[in-house]
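Residue numbers (the working numbering), protein chains in the order written: chain A, 822 to 978; chain B, 822 to 978.
Structure record follows, encoded as structure tokens.
Number of protein chains: 2
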Amino acid sequence: MAQAIPFITPDGLLSHWQGHRRLTRRVVDAFPEDKLFSFSVGGMRPFGALAMEMVTMAVPMVRGAISGEWNASTSRDARPKSEVLRLWDEDTDQLNELWPQIPPQRFLETLTAFGQYPGVLHDLILYVIDNEIHHRGQGYVYLRALGIEPPAFYDRG
Amino acid sequence: MAQAIPFITPDGLLSHWQGHRRLTRRVVDAFPEDKLFSFSVGGMRPFGALAMEMVTMAVPMVRGAISGEWNASTSRDARPKSEVLRLWDEDTDQLNELWPQIPPQRFLETLTAFGQYPGVLHDLILYVIDNEIHHRGQGYVYLRALGIEPPAFYDRG
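Following this line, the structure appears as structure tokens:
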């Protein structure tokens, strides 16, 4: 059946995502402590709030896909950069642990994430990754506007 | 073999990409004609130049993956918005035509794109999409800085 032809495998997608997460971590770290939750352009949210949004989406999406229990209750409030990075690193480890627990056929199944977002699981997971890339691109502009050179987009190591 | 388990199929990925392309088209269209190739924040490139970069990457990547011939010679120079949108729509059709010509096993093979970027084809294609999302996120900030509400990120229809 056509579904047996992979564009990318689950393992490949996790590697791809973790590469993005390493880059996003560097973008968080590039912000001066006093700008992370205060600076923005055009009235948008500061990058710290966007990073905390990412935290509320990544592990909760994967955990929900495994268990059917949806929880995105982490606060997005301002906190020290070190605390954002600590949460980020914890989630990186948790994603590696949780990912193999997703039954492979589930990626092609339709479910309702967080009780309100229906979709095929691969689209729901790509949405989480795309949202990270989208807001990180926003973070690049904030860094440039602050006179700070952002990390190289192509470097995912 | 593990490779037979898809996270997403080639068809699913093309639909996902075309959803992003519809959104990116709306972002191009949201720029005032006189700002598309002139306005930017923090000394970055204007959104028109970023959109033209996307044009040099999308169809050329897919065509190269099929033929082994790499060509990204489209100029990124300023031009009327209608011309950017016309190229965009042409490429949307071309992607739909070309995509099924990629032999499915090729997505998991390593090749060297444009004679200089080695990688597994699925990573190379995801790079093109991620680059579009990344720069489009930048475009959202430009629009907000211009006082223009960007199109909804979640709307891909």
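Positions of the beta carbon are idealized from the N, C-alpha and C atoms, including for glycine.
As assigned by DSSP and simplified to three states, the class of residue i
{"i": "residue 932 of chain A", "result": "strand"}
{"i": "residue 938 of chain A", "result": "strand"}
{"i": "residue 887 of chain A", "result": "helix"}
{"i": "residue 826 of chain A", "result": "coil"}
{"i": "residue 865 of chain B", "result": "coil"}
{"i": "residue 948 of chain B", "result": "helix"}
{"i": "residue 856 of chain A", "result": "coil"}
{"i": "residue 969 of chain B", "result": "coil"}
{"i": "residue 879 of chain B", "result": "helix"}
{"i": "residue 845 of chain B", "result": "helix"}
{"i": "residue 831 of chain B", "result": "helix"}
{"i": "residue 893 of chain B", "result": "coil"}
{"i": "residue 963 of chain A", "result": "helix"}
Cβ neighbours of residue i in the same chain (closer than 8 Å, five flanking residues each side left out)
{"i": "residue 850 of chain A", "result": "902, 906"}
Beta-carbon separation (whole angstroms), residue i vs residue j, contact threshold 8 Å
{"i": "residue 879 of chain A", "j": "residue 949 of chain A", "result": "6 Å"}
{"i": "residue 946 of chain A", "j": "residue 887 of chain A", "result": "Contact flag wrong, Cβ pair sits at about 12 Å."}
{"i": "residue 955 of chain B", "j": "residue 957 of chain A", "result": "7 Å"}
{"i": "residue 830 of chain A", "j": "residue 828 of chain B", "result": "6 Å"}
{"i": "residue 882 of chain A", "j": "residue 934 of chain A", "result": "6 Å"}
{"i": "residue 921 of chain B", "j": "residue 931 of chain B", "result": "The Cβ separation is near 22 Å, so there is no contact."}
{"i": "residue 865 of chain A", "j": "residue 959 of chain A", "result": "7 Å"}
Residue i: CB within 8 Å of a non-hydrogen atom of the ligand MN
{"i": "residue 865 of chain B", "result": "Ligands in the displayed structure: none, and consequently the ligand MN is not present."}
Span separating the alpha-carbon of residue i from that of residue j
{"i": "residue 835 of chain A", "j": "residue 952 of chain B", "result": "18 Å"}
{"i": "residue 861 of chain A", "j": "residue 855 of chain A", "result": "12 Å"}
{"i": "residue 898 of chain A", "j": "residue 870 of chain A", "result": "7 Å"}
{"i": "residue 918 of chain A", "j": "residue 913 of chain B", "result": "38 Å"}
{"i": "residue 925 of chain B", "j": "residue 859 of chain B", "result": "41 Å"}
{"i": "residue 968 of chain B", "j": "residue 826 of chain B", "result": "46 Å"}
{"i": "residue 833 of chain A", "j": "residue 841 of chain A", "result": "13 Å"}
{"i": "residue 964 of chain A", "j": "residue 839 of chain B", "result": "30 Å"}
{"i": "residue 915 of chain A", "j": "residue 884 of chain A", "result": "9 Å"}
{"i": "residue 891 of chain A", "j": "residue 896 of chain B", "result": "47 Å"}
{"i": "residue 893 of chain A", "j": "residue 910 of chain B", "result": "38 Å"}
Cutoff 6 Å; reference residue i; Cβ partners in own chain excluding five residues on either side
{"i": "residue 943 of chain B", "result": "928"}
{"i": "residue 966 of chain A", "result": "862"}
{"i": "residue 872 of chain A", "result": "849, 905"}
{"i": "residue 908 of chain B", "result": "876"}
Inset, instruction - Pair every Cβ in the region 841-849 of chain A with every Cβ in the region 959-972 of chain A, then say whether three or more of these pairs are closer than 8 Å. - result: yes
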